[in-house]
Amino acid sequence: MKTVICLVHGAGHQPLHYKYLIDALRRHGLTVAAPPLPTSGYDDASATKTHLEDVARVREYLVPFLEQGYEAILVGHSYGGRIITQAAAGLTGEERAAAGQDGGVVALVYIAAFTEKEQPLTPEILGVPPEDVNPATKLLWPEAAIRAMYHDIEPGRANEAVALLQRQSPRDLDGAAVCKSSDVPVPKRYVACRQDRVISFGTQLQFAEAAVAKVVAELESGHSPWLRDDGIRAIVDCVLEFSRRRQDDV
């Protein structure tokens with residue numbers, strides 16, 4: 002069975018942030034799609050975009066693979082978790098098989114992520130001081146970004162990540178959710194990060210419980226485990242668990 006991994010980035014990020022993880026997945030022979038979300042961008046076009054455009058973008062990348070019979074594992078980091086939950090609606094293997102179609106989404110993997118659109122994203126709730134946030138871009142100032150998201154990352158990689166940050170739409174959460182995680186009939190896994198300064202470890206566990214997602218790893222990591230070698234290994238192992246299980250079932 003052919004498998005595609007669809008990796009969905011966090012707010013203010015872009016696919017290139019995840020190049021070390023993408024390369025690791027490819028080394029295991031996996032096909033990877035990493036759509037750039039419309040709500041994140043360098044120019045002003047992103048300012049009016051919402052999560053609904055993000056969901057549509059992920060589906061745009063996914064559907065051609067599904068129509069070729071691929072099974073898809075969706076991996077979402079941070080804000081991207083909200084998007085994979087909604088993007089999977091109606092595209093699961095179970096739902097496509099019932100419609101006489103091949104392929105489909107077979108699993109969701111959340112990395113230090115929100116799992117529902119309704120879960121709040123504010124500096125107060127996340128524990129990030131308001132003064133650390135640039136009000137024009139909704140992003141953390143560079144020094145604050147390192148403190149909050151990349152404090153445990155090797156300096157070269159951390160500075161590289163900060164340089165790649167983009168604007169995030171102030172309207173990203175406008176509009177109703179497409180679905181809730183409970184509406185998506187696939188197995189779900191959660192990679193939680195104990196040293197996360199953006200979404201606290203306890204909050205991550207609550208999000209995992211809300212999604213009925215099994216916590217498969219509790220990393221001694223901050224918010225960006227995909228920039229750490231041990232974090233990359235844990236995420237790849239989680240993805241491979243699903244991929245191998247699907248191969249064994251064929």
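Here the sequence shown stands for residues 2 to 251, where the numbers follow this note's numbering. Beta carbons are placed, not taken as given, at the ideal position from N, Cα and C, and that holds for glycine.
* Strand pairing of isoleucine 6, partner residues [DSSP] -> DSSP links isoleucine 6 through a beta bridge to Val33, Ile74.
* **Option in Ala108, Leu165, Pro156 with minimal Cα separation from cysteine 239** => Minimum Cα distance to cysteine 239 is reached at Ala108.
* Touch test, the segment 185-201 against the segment 36-54, Cβ-Cβ under 8 Å, three pairs minimum -> No, the segment 185-201 is not in contact with the segment 36-54.
* Asked: Skipping 5 residues on each side, what residues in its chain have a beta carbon closer than 6 Å to that of glycine 176?
  -> Excluding positions up to five away in sequence, the list reads Thr51, Leu53.
* Looking only at DSSP bridge pairs, what is lysine 189 linked to? -> Within the DSSP secondary-structure output, lysine 189 pairs in a beta bridge with Leu109.
* Asked: If you draw a straight line from the C-alpha of glutamate 125 to the C-alpha of glutamate 132, how long is it?
  -> Annotation note: pLDDT 46 at glutamate 125 (below 50); position unreliable, no value reported.
* Per-residue burial, alanine 164 [other beta carbons within 10 Å of its own, 16 or more giving buried] -> Burial check for alanine 164: the Cβ neighbour count within 10 Å stays below 16, so the residue is exposed.
* Give me the Cα-Cα distance between isoleucine 236 and glycine 11, rounded to the nearest whole angstrom. => So the alpha carbons of these two residues sit roughly 15 Å apart.
* To do: Below 8 Å CB to CB, which residues in the same chain sit around phenylalanine 115 once its five sequence neighbours on both sides are set aside?
  => Excluding residues within five positions, the ones whose Cβ falls inside 8 Å are Ser79, Tyr80, Gly82, Arg83, Leu122, Ile200, Phe208.
* To do: Work out the CA separation of arginine 190 and alanine 211 for me, nearest whole Å.
  => Between alanine 211 and arginine 190, the C-alpha separation is close to 12 Å.
* Per-residue DSSP class, three states only, for alanine 57 -> If DSSP states are grouped into helix, strand and coil, alanine 57 belongs with the helices.
* **Cut-off 6 Å between Cβ atoms - residues of its own chain near valine 251, not counting five sequence neighbours on either side** => Here valine 251 scores only 46 on pLDDT, less than 50, and its place in the model should not be relied on; the value that follows carries that caveat. Counting only Cβ-Cβ distances below 6 Å, and skipping sequence neighbours, we find Met2.
* Compare the beta carbon distance of alanine 35 and valine 59 with 8 Å and say whether it is the shorter of the two. => Their beta carbons are not under 8 Å apart, which means alanine 35 does not touch valine 59 by this criterion.
* Report yes if the CB atom of glutamine 167 is closer than 8 Å to the CB atom of glutamine 15, and no otherwise. => A contact, by the Cβ cut-off of 8 Å.
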